[in-house]
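Notes follow once the structure below has been shown.
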């Protein structure tokens, strides 16, 4: 029991990402209301964004800006390159997620626009009611 | 000088054209059309230039965007395989752009009753150029994350384009959007797992890192592969993940289906081949994971399901959509047969199937444009009324059935011989049954096209027959690309030997020979 608990706590970021991912997927597949499906989609995408952000994180690390870069040539640099790198969070996954956030916002916008159009055509955004109207 | 910049120009021209159309041609249909056709034509010429360069030198082109060195910078990697697909995508986009001159103004300004909307045609062309940029980008890029971004660029513009069909298209597109987002997110997640294990996103770099024995054993890499391949299968509508495709493509406007239907699925198949053999390896997938038997059975099921469903359709476009589902099965099965013939067949089929689908959708689109009817019976008497369109349709149909010298025959030949070599009789039988069903489907339509309906002849009397013989052909802007596409089907067939030895055969990964 204790071991399982330790395993969960040690990788809590993966567990929380997984739970969010499943909540989103569940909403996308099983919700009847189209806006709820869109919200599920947003949760699903956010879960993946959080996953990426968490893999770039290190304990006690800071943003990757060198303190003694250009213009501070006179000051003595006490750190080696490896020590400096150890103190920085990995910026690459974070930068990738900036792009993914933009993609997510774009998808959300298109999805909401479609829901609005669906509402104008069928007068409802409940999936079962729409399917009934299509059958008529 | 310009020769070195050709790879990026293929992508940059359509991208800039989409901005230029929005900025300078918002009010004018003609200016927007001219910009689009010009951009697509230039992109096509550049793609041919790149292909010639590769054929002359035989070397893979690595283009470093902004001169950032890989693996940190993004690079475009163009070899024999994607040079061919680049020419295919830009060529098909160019032909469809010409085709769109009359169809887009007729179909796009869908409006709700009593609604006043500004000119929408230029907006349509903006999305068109963006979609093509995304597709070309997916094909050219050598970076796994970049591929995701371009996939979403093309997917987002395709959602908007498909929804412009109006009416039922909105709901069909909404479903596609939900499913497509799940697919893209699975891909993104898979890339994330790969990044955790390798620390790299550059495809050639990933391939080198993934060959280490420690990673080959890793369950994380296996999960990454599963997520990536499932994501792509959703995007390409591989059975049983195909549910979104028929509705989304059926209710779209004619031009949109001509552009999206041949290209989106084929580019996804290209993605699958690229990721399987340029990120993972044939050895890893076929020897270590060993799923090929199951996947080929799924592909056989896809072929049978698609063909049989197509047989039952009375709407021309929906029938073609189910044929696409079957064709995706051809290509996935060919790749997963795990031998050189199967892969050659699948890769060659990307080229020939894209052109066949384009040809058939264009011909059907012309019939819908003239008759306003998308059912099978819109085709009656078509040989008299629209002789050129019907000849184009027949050539497309013959290619789909696989009759030499059209290209469909040669891809099927390689796929069947690959299936025999792999001793996968189920797949071989599915291919043959599907060809027979295609023959039934298309000869039924050709028969409808040849004869006017019996009761019409009787009811209106024989002397009216020549009244209906008046030729009502589609406009020249539609005929020209249609005829060129139909000719290309025969040309791709006649030059199949050159294409297969010069382009397709050069990209067979070492593990399969």
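Protein chains in written order, with this note's numbering: chain A, 36 to 171; chain B, 11 to 523. Backbone N, C-alpha and C define an ideal beta-carbon position, used for all residues, glycine too. Treat the numbers as computed from the prediction; the structure is a model and nothing was measured.
- For residue 261 of chain B, there is no enclosing beta strand (DSSP E), since its DSSP letter is neither H nor E.
- Pairing residue 263 of chain B with residue 175 of chain B gives a Cβ-Cβ distance under 7 Å.
- Between residue 214 of chain B and residue 38 of chain B, the alpha-carbon positions lie close to 45 Å from each other.
- Among the CB atoms of chain A, one or more fall inside 7 Å of the CB of residue 195 of chain B.
- Judged by DSSP in its simplified three-state form, residue 73 of chain B adopts strand.
- Rounded to the nearest whole angstrom, the CA to CA distance from residue 225 of chain B to residue 74 of chain A is 36 Å.
- Per the Cβ contact rule, the region 313 to 331 of chain B is in contact with the region 365 to 380 of chain B (3 or more Cβ pairs under 8 Å).
- Relative to the Cα of residue 423 of chain B, the nearest Cα in the group B/359, B/307, B/13 belongs to B/359.
- For residue 216 of chain B, the enclosing alpha helix (DSSP H) starts and ends at 213 to 220.
- Of the other Cβ atoms in all chains shown, 16 or more fall within 10 Å of the Cβ of residue 17 of chain B; this residue is therefore buried.
- At a beta-carbon threshold of 8 Å, the residues of chain B lying near residue 169 of chain A are 178, 181, ordered along the chain.
- Along the region 116 to 127 of chain A, there is no position whose C-beta sits under 7 Å from a C-beta of chain B.
- A residue is called buried once 16 or more other Cβ atoms fall within 10 Å of its Cβ, and residue 223 of chain B, having fewer, is exposed.
- Contact holds between the region 195 to 207 of chain B and the region 81 to 88 of chain A, because three or more Cβ pairs, one in each stretch, are under 8 Å apart.
- Rounded to the nearest whole angstrom, the CA to CA distance from residue 295 of chain B to residue 336 of chain B is 24 Å.
- Counting only residues of its own chain and dropping the five nearest sequence neighbours on each side, residue 403 of chain B has a CB closer than 6 Å to the CB of 373.
- If you look at residue 404 of chain B, you'll find it in the alpha helix (DSSP H) that goes 397 to 411.
- The continuous beta strand (DSSP E) containing residue 85 of chain B extends over residues 85 to 88.
- Annotated three-state conformation of residue 153 of chain B is strand, per DSSP.
- Shown here, residue 159 of chain A sits in coil according to DSSP, grouped into three states, outside any helix or strand.
- Burial check for residue 151 of chain B: the Cβ neighbour count within 10 Å reaches 16 or more, so the residue is buried.
- A direct Cα-Cα distance of roughly 41 Å separates residue 105 of chain B from residue 62 of chain A.
- Inter-residue distance for residue 306 of chain B and residue 314 of chain B is about 12 Å (C-alpha atoms, whole angstroms).
- Along the region 70 to 90 of chain A, going in chain order, the ones with a CB nearer than 7 Å to a CB of chain B are 72, 76, 79, 80, 83, 86, 87, 90.
- In this structure, the CA atom of residue 48 of chain A is about 23 Å from the CA atom of residue 191 of chain B.
- When DSSP reads this structure, residue 123 of chain A sits in a beta bridge with A/97.
- Sequence-distant Cβ neighbours of residue 412 of chain B in its own chain, meaning closer than 7 Å and more than five residues away, are 418, 419, 422, 445.
- DSSP places residue 299 of chain B in no alpha helix (DSSP H); its state is neither H nor E.
- With contacts defined as CB atoms closer than 7 Å, residue 510 of chain B and residue 416 of chain B fail to qualify as a contacting pair.
- By DSSP's assignment, residue 325 of chain B forms a beta bridge with B/385.
- Residue 138 of chain A belongs to the set of residues whose beta carbon lies under 7 Å from a beta carbon in chain B.
- Listed as beta-bridge partners of residue 68 of chain A by DSSP are A/161.
- In this structure, residue 88 of chain B places its C-beta atom within 7 Å of the C-beta atom of residue 60 of chain B.
- Interface criterion met: the Cβ of residue 169 of chain B is under 7 Å from a Cβ in chain A.
- Under the Cβ criterion of 7 Å, residue 85 of chain B is not counted among the residues facing chain A.
- With contacts defined by Cβ atoms closer than 7 Å, residue 321 of chain B and residue 447 of chain B form a contacting pair.
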